[in-house]
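Asker: From first to last, the protein sequence lines are chains W and H. Count along the first sequence from 1, then add 20; that gives the number in the working numbering. Count along the second sequence from 1, then add 6; that gives the number in the working numbering. Virtual Cβ for every residue (Gly too), placed ideally from N, Cα, C.
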Amino acid sequence: MRLSAFAACAALAAFSACEKKSTATPPPAEAQKPTATGAAPTGDDVILLGEVGSLTGSEAAFGISTRNGIELALEEANAAGGVKGRKLAVRVYDDQSKPEEAANAATRLISQDKVVAILGEVASSNSLAMAPRAQAAQVPMVSPSSTNPKVTEVGDYIFRVCFIDPFQGAVMARYARETLKFDEVAILTDKKSAYSEGLTEVFQKRFKEAGGKIVAVEAYGKGDTDFRAQLTNLKKVKPQGVYVPGYYQDVAIIAEQAKELGLKVTLMGGDGWDSAKLFELGGDAVDGAYVSNHYSADDPSPAVQDFIKRYTAKYGAAPDSLAALGYDSARVVIEAIKRAPDLSGPALREAIAQTADFPGVTGNITLDANRNPVKPAVVLRVEGGRFKYVATVAP
Amino acid sequence: MYEFIQHVINGLAAGTIYALVALGYTMVYGVLKLINFAHGDVMMVGVYIGYAVAFLLGREYLGTVSGALLVFAISMAACAAFGFFVERFAYRPLRDKPRLTALITAIGISFALSYGFQLDFSVGDVTLLPGAASRRFPSIIPPREWLVLGDADVIIWNWQVLSFAIAVGLMGALQYLVFRTRFGKAMRAVSHDHRVAGLLGIPVDTIIAGTFMLGSALAAGAGILYAIKDKSIQPLMGVMVGLKAFVAAVIGGIGNLPGAVVGALLLGLCEEFIVGYTASSWRDAVAFGFLIAVLLFRPEGLFGRAQAEKV
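(1) Any idea what DSSP makes of W:P265, helix, strand or coil?
(2) Any C-beta of chain W sitting closer than 8 Å to the C-beta of H:Q313?
(3) Can you give me, in chain order, the residues of the segment 268–298 of chain H that have a beta carbon less than 7 Å from any beta carbon in chain W?
(4) Compare the C-alpha of H:V256 against each of H:N42, H:E9, H:N16 and name the closest.
(5) Give, in chain order, every residue of the segment 193–213 of chain W whose Cβ lies closer than 8 Å to some Cβ of chain H.
(6) Run through the DSSP bridge pairs and tell me what W:Y177 is partnered with.
(7) With DSSP as the reference, label W:M288 as helix, strand or coil.
(8) Going by beta-carbon coordinates alone, are W:T252 and H:Q12 separated by less than 8 Å?
(9) Does any residue of chain W have a CB that is nearer than 8 Å to the CB of H:N16?
(10) I want to verify the contact list: residues of chain H whose CB lies under 9 Å from the CB of W:G241, in sequence order.
(11) From W:A59 to W:K134, what does the alpha carbon distance come to, in whole angstroms?
(12) By how many angstroms is the C-alpha of W:G89 removed from the C-alpha of W:A56?
(13) Contact between the segment 319–331 of chain W and the segment 156–170 of chain H: three or more CB pairs below 8 Å?
(14) Taking 8 Å as the CB-CB limit, is H:S238 close to chain W?
(15) Within 10 Å of its beta-carbon, does W:Y263 have 16 or more other beta-carbons around it, so buried, or fewer, so exposed?
(16) In this structure, what does DSSP give as the bridge partners for W:A236?
(17) Report yes if the C-beta distance between W:A151 and W:I178 is below 8 Å; otherwise report no.
(18) Quick one: Cα of W:A337 to Cα of W:F327, how far?
(19) How is the beta strand (DSSP E) around W:A109 delimited, first residue to last?
(20) On the premise that H:A60 lies in contact with H:I146, defined as a C-beta separation below 8 Å, what is that separation, rounded to the nearest angstrom?
(21) Within 8 Å of any Cβ in chain W, is that where the Cβ of H:R150 sits?
(22) Could you tell me whether the Cβ of H:A228 comes closer than 8 Å to any Cβ of chain W?
(23) Can you confirm whether the segment 57–75 of chain H touches the segment 193–200 of chain H when touching is taken to mean that 3 or more C-beta pairs between the two stretches lie within less than 8 Å?
(24) Going by other Cβ atoms of all chains shown within 10 Å of its Cβ, with 16 needed for buried, is H:R304 buried or exposed?
(25) Quick check on DSSP: helix, strand or coil for W:D362?
(26) Quick check: the Cα distance between H:A118 and W:S147, rounded to an integer number of angstroms?
(27) For H:F127, name the three-state secondary structure that DSSP assigns.
(28) CA-CA distance, H:L297 and H:A195?
(29) Within this structure, are the beta carbons of W:V420 and W:T412 separated by less than 8 Å?
(30) Report the three-state DSSP secondary structure of H:F43 (helix, strand or coil).
(31) Measure the alpha-carbon distance for H:M219 versus H:S72 and round it to whole angstroms.
(32) What residues are listed by DSSP as bridge partners for W:A249?
(33) Along the chain, which unbroken stretches of the alpha helix (DSSP H) at least 4 residues long are found entirely within the segment 277–343 of chain W?
(34) Run through DSSP, which three-state label would W:I138 get?
(35) So, are the CB atoms of W:R153 and W:T172 less than 8 Å apart?
(36) Pair every Cβ in the segment 337–347 of chain W with every Cβ in the segment 99–115 of chain W, then say whether three or more of these pairs are closer than 8 Å.
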């Protein structure tokens, strides 16, 4: 197991090195289409989309999944004859997981490549760096998976296809109260993270409204490795469940130490848990926990299973929620291009804003007045080193 | 009541690790009047060496007594060698320069280690630098309940007892080495005045190098205990532990061995009670506030310099 961890690490390093090389030059698929390069948005037989993603750097895994999802969506649209008699292409720039690079890439897509719309980014901080550029140039931007509410607040050209942070908190509160039938729940929140604090606030409010009782709120700081004092206090108040809306590194250690202290409760969390690292760091201590997420590969709905089949056939690996969101973001834009009278920024913006009841892989998407989707979340249960689908919770 | 006992156990567990690291700080300060700010990062290096050893030994050795001993022994020995090189090539050339030069060098080494280890670097299949991601330290002591109080209200694990025993054993060995051996006697002489000690025929360079090796080995031991306790390891883990251990050493009176241990245990318990009975955000503020208070009202530390013999 150690060996494989090291090998995986080495492989990852080698892989990211290759990525760096391949993104320096345009992907070969595009290089073969001379019209794609520097093409004006109208007048040619190719409609060019732009994508900014973390293909290298700390969030490379996120960016690569998203890119795969977008590529698949475009390929399928082109196989079905393209849009308005024209083929679709995407120009991808790597932002090395850095906000300033993301902003530069957005500017390049807008002024040099003259794309009709931008897809990206995953991390909210990178999307926030890109959004003002897109807004100023009146080029619609659709983020596949930035959940921070501030992203779409930048302006009316900025959209997203994932739910926002406060929604997840509400979903988990409802699930804990109605399905798990918890009366008394405690919270362990990351004081240093806006994500965690946001989820905590909503969870607390909704759980109380549903008639439950929050028996304790303990806090930690991101990067702590000793949570025993907080957990000892939680053990004293004997909650039925503990909501831990943190990121996987911290959550894994928290679960481990809770087990060590004999605190036998159900842990609950959000999409910050979604990483294979959770199982490597947390072992079997995270078993039995419930988390809210965007999508599950176990979802029995035919739309999801179909997507998984096509994605796996193309990439040889099952799609994660980032790939699914990338796929959906591209399809929302393609649908809007079909509906838009022309490809100018304002017309396309109008068409995207009118997206209603769009059947995405990650649920039906209806964009509200704030350009955020109203869509369901899934609740997953951790079992034997993987997330297992248990329910879909509508907004 | 039970949660009080649990808090005491948690605090002592953290305190013993601070103590082992603080001993390294205090020893080096004793002989060289240098605050070795890279000490926490040397601990981190020790942890990664232990990780590599555990990985090389493979599964069948994990959890056996010989496996655990090998992890400890090899990582402490390798870290001692590492400490020797740091002293030989970074600090020794600066020994006669103003003290600030060595201090800045120490900070530089600290950054070089903690950020250098965040690079991913492999040659073929061999990972040489681990990268920034957290890793799980293999359980070299398989967890078993040692003592259960009440209705599983307080659980004491075998590795907690073992860690405590190992820490106390290492401190005892150090005490013996410093006060009962020729090397210790020479160390104390160098600490007193290294020029005069040199004139009297004590090999000052050797003694200082030995002190560094000793401190680094203790740090590696502390690091492995830390990794057994908190399981997750990453290249920045040494920074905070190093700072806390430094605070503990100053609280106890820097240069004073028993003082460092007492200061570290006090700090560990103090932190645990702060988080347990007030809020976690106060933990670091109180730890460093404690340092300021000690420096203001008792700059020589709780144990003073006059009472106990310096090292």
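Answerer: Quick answer:
(1) Taking the first sequence and counting its residues from 1, one reaches residue 265 of chain W at position 245. Note: W:P265 maps to coil in three-state DSSP.
(2) Within the second sequence, residue 313 of chain H is the residue found at index 307, counting from 1. Caution applies to H:Q313, whose pLDDT of 45 falls short of 50 and renders its modelled position unreliable; the model cannot decide the point.
(3) Taking 7 Å as the upper bound on Cβ-Cβ separation, chain W lies near residues E278, V281, G282, A285, S286, S287 of the segment 268–298 of chain H.
(4) Mapped onto the second sequence, residue 256 of chain H falls at position 250. The candidate whose alpha carbon is nearest that of H:V256 is H:N42.
(5) K211
(6) Indexing the first sequence from 1 puts residue 177 of chain W at position 157. According to DSSP, W:Y177 bridges with nothing at all.
(7) On the first sequence, residue 288 of chain W is found 268 positions in, with the first residue counted as 1. In the structure shown, W:M288 sits in a strand (DSSP, three-state: E or B).
(8) Start at 1 with the first residue of the first sequence, and residue 252 of chain W comes out as number 232. Start at 1 with the first residue of the second sequence, and residue 12 of chain H comes out as number 6. The answer is yes: Cβ separation under 8 Å.
(9) Looking up residue 16 of chain H in the second sequence gives position 10. Chain W contact via Cβ: present.
(10) Taking the first residue of the first sequence as position 1, residue 241 of chain W is located at position 221. Within 9 Å Cβ-Cβ: S286, S287, R289, D290.
(11) Start at 1 with the first residue of the first sequence, and residue 59 of chain W comes out as number 39. Start at 1 with the first residue of the first sequence, and residue 134 of chain W comes out as number 114. In this predicted model, W:A59 has a pLDDT of only 36, less than 50, meaning its place in the structure is not dependable; the value taken from the coordinates is given anyway. Separation of W:A59 and W:K134 (C-alpha to C-alpha, rounded to the nearest whole angstrom) is 7 Å.
(12) Taking the first residue of the first sequence as position 1, residue 56 of chain W is located at position 36. Taking the first residue of the first sequence as position 1, residue 89 of chain W is located at position 69. Reliability of the predicted coordinates at W:A56 is poor, the pLDDT of 37 falling under 50, and the value obtained from them is presented with this limitation in mind. Answer to the nearest angstrom: the Cα atoms are 20 Å apart.
(13) no
(14) One-based indexing of the second sequence puts residue 238 of chain H at position 232. Chain W contact via Cβ: present.
(15) Mapped onto the first sequence, residue 263 of chain W falls at position 243. With 16 or more other Cβ atoms within 10 Å, it is buried.
(16) Stepping through the first sequence from its first residue, residue 236 of chain W is reached at position 216. Answer is W:A206, bridged to W:A236.
(17) Counting from 1 along the first sequence, the entry for residue 151 of chain W is found at position 131. Counting from 1 along the first sequence, the entry for residue 178 of chain W is found at position 158. Yes, they are a contact pair.
(18) Along the first sequence, one-based indexing puts residue 337 of chain W at 317. Along the first sequence, one-based indexing puts residue 327 of chain W at 307. Going by the C-alpha atoms only, they are around 12 Å apart.
(19) Position 89 of the first sequence, counted from the first residue, corresponds to residue 109 of chain W. Element bounds for W:A109: 107–114.
(20) In the second sequence, the residue the question calls residue 146 of chain H occupies position 140. In the second sequence, the residue the question calls residue 60 of chain H occupies position 54. Contact between H:I146 and H:A60 holds: their C-beta atoms lie close to 6 Å from each other, under 8 Å.
(21) For this step, residue 150 of chain H is matched to residue 144 along the second sequence. Interface residue (Cβ-Cβ distance to chain W less than 8 Å): H:R150 is not classified as such.
(22) As a first step, residue 228 of chain H is located in the second sequence; it is residue number 222 there, counting from the start. No, its Cβ sits nowhere closer than 8 Å to a Cβ of chain W.
(23) No, the segment 193–200 of chain H is not in contact with the segment 57–75 of chain H.
(24) If you number the second sequence from 1, residue 304 of chain H lands on position 298. Label assigned to H:R304: exposed.
(25) In the first sequence, residue 362 of chain W corresponds to position 342, counting from 1. Secondary structure at W:D362: coil, using DSSP grouped into helix, strand and coil.
(26) As a working note, residue 118 of chain H is residue 112 in the second sequence. As a working note, residue 147 of chain W is residue 127 in the first sequence. Here the alpha carbon of H:A118 sits roughly 32 Å from the alpha carbon of W:S147.
(27) Residue 127 of chain H sits at position 121 when you count from the first residue of the second sequence. Under the three-state reduction of DSSP output, H:F127 falls in the strand class.
(28) As a working note, residue 297 of chain H is residue 291 in the second sequence. As a working note, residue 195 of chain H is residue 189 in the second sequence. Rounded to whole angstroms, the separation of the alpha carbons of H:A195 and H:L297 is 29 Å.
(29) Any question about residue 420 of chain W goes unanswered here, given that chain W covers just 21 to 415.
(30) Taking the second sequence and counting its residues from 1, the one referred to as residue 43 of chain H is at position 37. Looking at H:F43 - three-state DSSP - the assignment turns out to be coil, as it is neither helix nor strand.
(31) As a working note, residue 219 of chain H is residue 213 in the second sequence. As a working note, residue 72 of chain H is residue 66 in the second sequence. Their Cα atoms are separated by approximately 24 Å.
(32) For the purposes of this step, residue 249 of chain W is taken as the residue at position 229 of the first sequence. Beta-bridge pairing links W:A249 to no other residue.
(33) With a minimum length of 4 residues, the continuous alpha helix (DSSP H) runs that stay inside the segment 277–343 of chain W are 297–302, 322–335.
(34) In the first sequence, counting from the first residue as 1, residue 138 of chain W sits at position 118. The answer is strand: DSSP assigns W:I138 an E or B state.
(35) The residue labelled residue 153 of chain W in the question sits at position 133 within the first sequence. The residue labelled residue 172 of chain W in the question sits at position 152 within the first sequence. Against a cut-off of 8 Å, the Cβ pair of W:T172 and W:R153 comes out as no contact.
(36) no
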